[in-house]
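Chemist:
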Amino acid sequence: EEFDELESDGNDVLVNLLASSSDPLKDVLDIIQYPLIPQCKGDNVVIIDECHIVLLEKLMRISPHVKPHVREEAMKLALNLKAYIGENTENSVPVLGFLLLLSIYGLVNSFNEDEVLKLFGFVAQHKIAVELFGTMGLAHKISGYIFLDCAEKL
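Okay, so the sequence shown: first residue is 18 according to the numbering used here, each after it adds one.
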């Protein structure tokens with residue numbers, strides 16, 4: 018319980034810093050890519066955790082303008098994450114982080130829609146997933162996806 022309070026206080030501090038930042042999109046990328054306490058998983062593997070999700074959700078709410086150089090950096094991170102989650106879909110947090118990155122940094126069109134849509138199956142338990150689905154403009158694909166998903170199960 019004490020750890021949860023410390024973690025919550027840490028998230029509050031980061032969220033407050035984010036709100037006062039001149040370039041919150043760049044700052045969040047830096048926080049994700051260069052953590053104070055590295056979580057070793059191999060060379061150049063970025064790990065998204067719950068703290069990052071809190072920051073990404075905050076970014077989604079304030080929806081700042083994405084500068085081209087920041088979008089390029091976000092694309093590199095998204096590609097790194099896509100490779101990681103392709104091998105590790107049992108943890109929904111990195112998948113949710115990947116989807117949030119695509120939405121916030123305007124990268125949805127750079128990835129295969131059907132693949133992105135399938136990833137929502139791994140994050141459905143997160144409250145933000147429904148809102149994220151709507152902001153990514155994938156609603157037109159849902160009826161076909163549900164039909165195909167049901168057909169695969171038959």
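Glycine residues also receive a C-beta, built at the ideal position from the N, C-alpha and C atoms.
Please read all numbers here as calculations on a predicted model, not as lab measurements.
1) Going by the CB atoms, is the gap between M77 and I121 shorter than 8 Å?
2) Among S38, V83, K99, N33, which has the Cα closest to the Cα of V63?
3) How would you call G114, buried or exposed, if buried means at least 16 neighbouring beta carbons within 10 angstroms?
4) Helix, strand or coil: how does DSSP classify P81 here?
5) Whose CA, out of L96, N129, S37, A141, lies closest to the CA of N108?
6) Taking 8 Å as the cut-off, does the segment 78-89 touch the segment 126-142 (at least 3 CB pairs, one atom from each stretch)?
7) Pick out whichever of L136, E148, S127 has its Cα sitting closest to the Cα of R88.
8) Do M92 and L117 have their C-beta atoms within less than 8 Å of each other?
9) Which same chain residues end up closer than 7 Å to F137 when comparing Cβ atoms and leaving out the 5 residues on each side of it in sequence?
10) Three-state secondary structure (DSSP) at Q142?
11) To the nearest angstrom, how far is it from the Cα of S38 to the Cα of G103?
12) Could you please give the first and the last residue of the uninterrupted alpha helix (DSSP H) stretch that includes F128?
13) To the nearest angstrom, report how far apart E34 and P41 are at their CA atoms.
14) Hey, out of E148, L73, E90, whose CA is closest to P111's CA?
Modeler: Checking against the coordinates, here is how it stands:
1) yes
2) K99
3) buried
4) coil
5) A141
6) no
7) S127
8) no
9) A146, F150
10) coil
11) 33 Å
12) Element bounds for F128: n/a, residue is neither H nor E.
13) It is Leu, not Glu, that sits at residue 34 in the sequence shown. Distance between the alpha carbons of L34 and P41 is about 9 Å.
14) L73
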